[in-house]
Amino acid sequence: MYAEAEAEFRRALSIPNPSDPALHNAAYGMYEGYEHERDPAFVAERVEEARERARGSYARMTVEELVPSAVQRVLEAGKLLGAAEGRKRGKLVAETFPNLARAQYLHAYMDLEFVRSLDPAIDKRPFLRRTLTVADRLARAFPRSPVIACFRAKLLFILGEYDAAERECRRALDMKEPDDPQLDCIPVGSISGENLGARLVSLACEFHELINKILMVAADYWDSMSGERRHDSFLRVRSDVLQDEYSKVDPLCAFTMSDVRSFVREHKSWKFWICPICDRKRFVDSGLLLSHMCGKHPRAVLPRLQSLLDQALSSEASEEGGFLDGFAEALPRIQELWHNFLKASMLDYRGVILELARSFLWRELKKCMTEDPQLAAKRISATDIDAIFTTEAEPSHAEGDHETGGNEQPSQADGALIVSEDHKESKVPIEHGESSETPANNTELTDLVTSVAESGNDLYATLDKLDIDPKINENNQESEFQVEGESSEATVTNMADPATSMAESGNDLDVKLENLQINRNF
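Quick note: the sequence shown uses my numbering, first residue 17, plus one each step.
The structure is reproduced here in structure tokens:
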């Protein structure tokens, strides 16, 4: 009876000169919520209140009853009458309810079902482009729908748009007030959960799983590249390129790059210490920082030193020479405090640059994968679609079941997947200036580790391996890269884990700082 109810609602809303609701309702105004009660002077207001209530009732019925039943009928028509008829009816439902995300999503959903049902000999890529156009429009119209974002991200992945797919995943994961997936999912009820949070977690798992798939594709692509191409394209980047890149997308990062180049040119050093009390006052030598703290901020230093010593004076201390024992006992603690203070106050610009370079080169790698002629020319089959839009690895209904005669279409509703936790990026050497030459004792490159599952589902665990395998010299192990244009050469030892945070544990930080050494040839 939903059709009759909808028709009656529409008729009620379209009455040109409706009667006063109070004339046909003896109880009108007797209950809370009727603002104007039965006053004859407020007939127009009562009519508008009645219309508003009718609109609210109709909207609830549409969301809770009409659209879900329409979706179910379209899905059944697709199974009984074919995907082409299902696509046609799905588009009609979308036109009938233009403001509801589920109705609009049905159009894209059935279009994908139609693509999957095409003959196995037909490349699905151009048809998926059409589906993606619909999904793009939906993402703009319903930016807070994680269901639509998930659908679009999966389409982008299948089409090889890896950077766009990852950005869509991260956009969805960063939604402040996302819509309830239960209101948009197809089939109805395919995203289960006791509450909104549980349903959002289920979708978040799918986004993280898709990001991990991008990582695995990148690992395979990396294995296919020669060592020379890896080094020239993805294991080095010039600082001026980084500055130009981030001036387009993030002015703050561009400012950071400019500040780094100016600092290195002026001070012939990559690292400095910051006074925690002054307004970002910097020192290129730890001794200068000590002098500054004792001279300018004695009230911040002396109480901490005094707390380590016994303040009780002894009249016999000077005669026995025992006063030195207290200092000897306190000295290791004083040294430890000063060492911790230096670690917390130091910043090495190479860590800042490496963070920017990792993000930049990760995007470049995904861009290279997307633009690769061989990958772009690869046919997309129904099996490829099923691998992304199904929960388990089932045979494709169009191709996998072709030999067995089956024609069952797997559902597009995915279950909860493993959530990846950390999101690190690749480590890369940095070049400065307008040109760069590779030293004669340049490094060999390590192969990319492809066991993503064993690395903890870390988005950038693979790119973290894009690093230098140092050659062993007679005196030490080191790798070099040129820093030209600023008349400087920097030697970096073991850049596998650069210092990027001065708040890290002491032992790890010590190793990092020892490895970030500069051979000053300015």
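The C-beta atom is built at its ideal place from N, Cα and C for all residues, glycine as well. Note that the structure is predicted; figures quoted are calculated from it, not measured.
Contact check, residue i vs residue j, beta carbons under 8 angstroms
{"i": "Ile230", "j": "Glu177", "result": "no"}
{"i": "Val163", "j": "Ala124", "result": "no"}
{"i": "Phe130", "j": "Ala100", "result": "yes"}
{"i": "Ile396", "j": "Arg132", "result": "no"}
{"i": "Lys140", "j": "Ala398", "result": "yes"}
{"i": "Ile369", "j": "Ser255", "result": "yes"}
{"i": "Cys185", "j": "Phe223", "result": "yes"}
{"i": "Arg160", "j": "Pro194", "result": "yes"}
{"i": "Ile227", "j": "Ser218", "result": "no"}
{"i": "Arg62", "j": "Pro37", "result": "yes"}
{"i": "Trp289", "j": "Leu391", "result": "no"}
{"i": "Val79", "j": "Leu108", "result": "no"}
{"i": "Lys383", "j": "Asp179", "result": "yes"}
{"i": "Met126", "j": "Gly94", "result": "yes"}
Alpha-carbon spacing of residue i relative to residue j, whole angstroms
{"i": "Glu24", "j": "Glu380", "result": "58 angstroms"}
{"i": "Ile404", "j": "Trp378", "result": "22 angstroms"}
{"i": "Ala21", "j": "Tyr74", "result": "9 angstroms"}
{"i": "Asp190", "j": "Ala165", "result": "12 angstroms"}
{"i": "Leu96", "j": "Pro32", "result": "43 angstroms"}
{"i": "Leu305", "j": "Cys291", "result": "7 angstroms"}
{"i": "Lys287", "j": "Val300", "result": "7 angstroms"}
{"i": "Arg168", "j": "Leu39", "result": "52 angstroms"}
{"i": "Gly205", "j": "Ala110", "result": "19 angstroms"}
{"i": "Arg187", "j": "Val280", "result": "36 angstroms"}
{"i": "Val265", "j": "Ala137", "result": "42 angstroms"}
{"i": "Gln88", "j": "Arg76", "result": "18 angstroms"}
{"i": "Lys192", "j": "Ser375", "result": "24 angstroms"}
{"i": "Glu92", "j": "Leu148", "result": "24 angstroms"}
{"i": "Ser307", "j": "His355", "result": "15 angstroms"}
{"i": "Glu387", "j": "Arg156", "result": "25 angstroms"}
{"i": "Pro348", "j": "Val317", "result": "16 angstroms"}
{"i": "Ser302", "j": "Ala344", "result": "23 angstroms"}
{"i": "Val90", "j": "Glu64", "result": "36 angstroms"}
{"i": "Arg252", "j": "Asp152", "result": "35 angstroms"}
{"i": "Leu353", "j": "Ser285", "result": "25 angstroms"}
{"i": "Glu81", "j": "Leu172", "result": "32 angstroms"}
{"i": "Leu209", "j": "Leu128", "result": "Sequence inspection shows Gly at residue 209; the Leu mentioned does not correspond to that position. Approximately 26 angstroms, taken between the alpha carbons."}
Reduced DSSP category for residue i - H, G, I as helix; E, B as strand; rest coil
{"i": "Arg254", "result": "strand"}
{"i": "Asp127", "result": "helix"}
{"i": "Asp400", "result": "helix"}
{"i": "Thr466", "result": "Residue placement at Thr466 is flagged as unreliable, the pLDDT there being 31, under the threshold of 50; the coordinate-derived value follows with that caveat. Coil."}
{"i": "Asp364", "result": "strand"}
{"i": "Ile369", "result": "helix"}
{"i": "Arg153", "result": "helix"}
{"i": "Ile290", "result": "strand"}
{"i": "Phe376", "result": "helix"}
{"i": "Phe299", "result": "strand"}
{"i": "Ile207", "result": "coil"}
{"i": "Cys269", "result": "helix"}
{"i": "Ala23", "result": "helix"}
{"i": "Ala137", "result": "coil"}
{"i": "His355", "result": "helix"}
{"i": "Ala344", "result": "helix"}
{"i": "His308", "result": "helix"}
{"i": "Phe279", "result": "helix"}
{"i": "Asn41", "result": "coil"}
{"i": "Asp438", "result": "Summary for Asp438: the model assigns pLDDT 40, below 50, so the residue's position carries little reliability; its value from the coordinates is reported in the next sentence. If DSSP states are grouped into helix, strand and coil, Asp438 belongs with coil."}
Close beta carbons around residue i, own chain, < 6 angstroms, minus the five adjacent residues each side
{"i": "Leu212", "result": "Asp196"}
{"i": "Leu134", "result": "none"}
{"i": "Cys294", "result": "none"}
{"i": "Tyr237", "result": "Met385"}
Same chain only: Cβ atoms within 7 angstroms of residue i, ignoring 5 sequence neighbours per side
{"i": "Ala269", "result": "The identity of residue 269 in the sequence shown is Cys, whereas the question assumes Ala. Contacts found: Tyr262, Leu372."}
{"i": "Arg296", "result": "Ile290"}
{"i": "Lys312", "result": "none"}
{"i": "Asn41", "result": "none"}
{"i": "Val59", "result": "Asp36"}
{"i": "Ala28", "result": "Ala70"}
Own chain partners of residue i with C-beta closer than 8 angstroms, once the 5 adjacent residues on each side are dropped
{"i": "His283", "result": "Val300"}
{"i": "Pro114", "result": "Gln120"}
*Three or more beta-carbon pairs under 8 angstroms between the region 95-105 and the region 55-75, yes or no?*
no
_Could you check whether the region 364-376 touches the region 225-242, counting it as contact only if at least three pairs of C-beta atoms, one from each stretch, sit closer than 8 angstroms?_
No contact exists between the region 364-376 and the region 225-242.
*Taking contact to mean at least 3 C-beta pairs separated by less than 8 angstroms, is the region 197-209 in contact with the region 113-123?*
yes
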